[in-house]
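Asks: In the working numbering, the protein residues as written are 3 to 221.
Even for Gly, the Cβ is constructed at its ideal location relative to N, Cα and C.
1. To test your reading of the DSSP string, which unbroken beta strand (DSSP E) runs of 3 or more residues are found completely within the segment 34-95?
2. Which residues bound the beta strand (DSSP E) around residue 146?
3. If we call anything under 9 Å between Cβ atoms a contact, is residue 104 one with residue 145?
4. Do residue 92 and residue 151 have their C-beta atoms closer together than 9 Å?
5. Starting from residue 21, follow the beta strand (DSSP E) in both directions and report where the run begins and ends.
6. Buried or exposed: which applies to residue 97, given that a residue is buried once 16 or more other Cβ atoms fall within 10 Å of its Cβ?
7. With respect to the alpha helix (DSSP H) encompassing residue 130, which residues constitute its N-terminal and C-terminal limits?
8. Could you tell me the boundaries of the beta strand (DSSP E) in which residue 99 lies?
9. Comparing alpha-carbon positions, which option in 61, 87, 23 lies nearest residue 193?
10. Looking only at DSSP bridge pairs, what is residue 7 linked to?
11. Less than 8 Å between the CB atoms is what I'm expecting for residue 38 and residue 47, so what's the real figure, rounded?
12. Comparing alpha-carbon positions, which option in 22, 168, 183 lies nearest residue 119?
13. What is the DSSP secondary structure of residue 112, counted as helix, strand or coil?
14. Give me the DSSP bridge partner(s) of residue 154.
15. Less than 9 Å between CB atoms is the rule here; does residue 189 satisfy it with respect to chain D?
16. Express the C-alpha separation of residue 83 and residue 70 in angstroms, rounding to a whole number.
17. Do you know offhand how far residue 128's Cα is from residue 153's?
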């Protein structure tokens, strides 16, 4: 059966507004996209300069997340899975039953300096469901999302980018003020909803996958 990534859970979990349908329209759209990607080399999102910054600074962000907690963190390597979902967190602190994910924001304008802003940003991105998936997979009790504002590597900027805003202005802010953390506690009700909903997503995925396989054979 298809195992869905924790990062896609927020799109799969919503309740359907159509009577008799378990999966929402958003969930069906997401599953169709996943089937297309699995059957071909097509990728609906290949990244941009914002994700490139996050990838380039990931190790620095992970190290800083450790330092502010007086711990030494390294990037966690090792994807886990069960019969429904699969995921790989950034930082696994088993001694504290804690999972951490780091997010590097693009600039001062997109960085959530305020707690309610960070919580809204995290929820909009689906990190609440992603972290619940991680906590289920890794058997942890708490998950944190660290939003870091770090200077943009100059090689990731374009000639038309305002490098003063992306680099100099950021460096003038105290490092401790450039971190905002959103904390999630393990929620068994949310995990149960994952357990209830994903089998239906797997069933719909299998239906679509077989439909395309049969069409290919017929052709």
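Replies: Walking through what the data contain:
1. 87-89, 93-95
2. 144-150
3. no
4. no
5. Element bounds for residue 21: n/a, residue is neither H nor E.
6. exposed
7. 129-140
8. Unbroken run through residue 99: none, as it is neither H nor E.
9. 87
10. 88
11. Residue 38 to residue 47, Cβ: 12 Å. No contact.
12. 183
13. coil
14. DSSP, once it has assigned bridges, lists no residue as partnering residue 154.
15. The chain inventory of the structure shown lacks chain D, comprising one protein chain alone.
16. 30 Å
17. 25 Å
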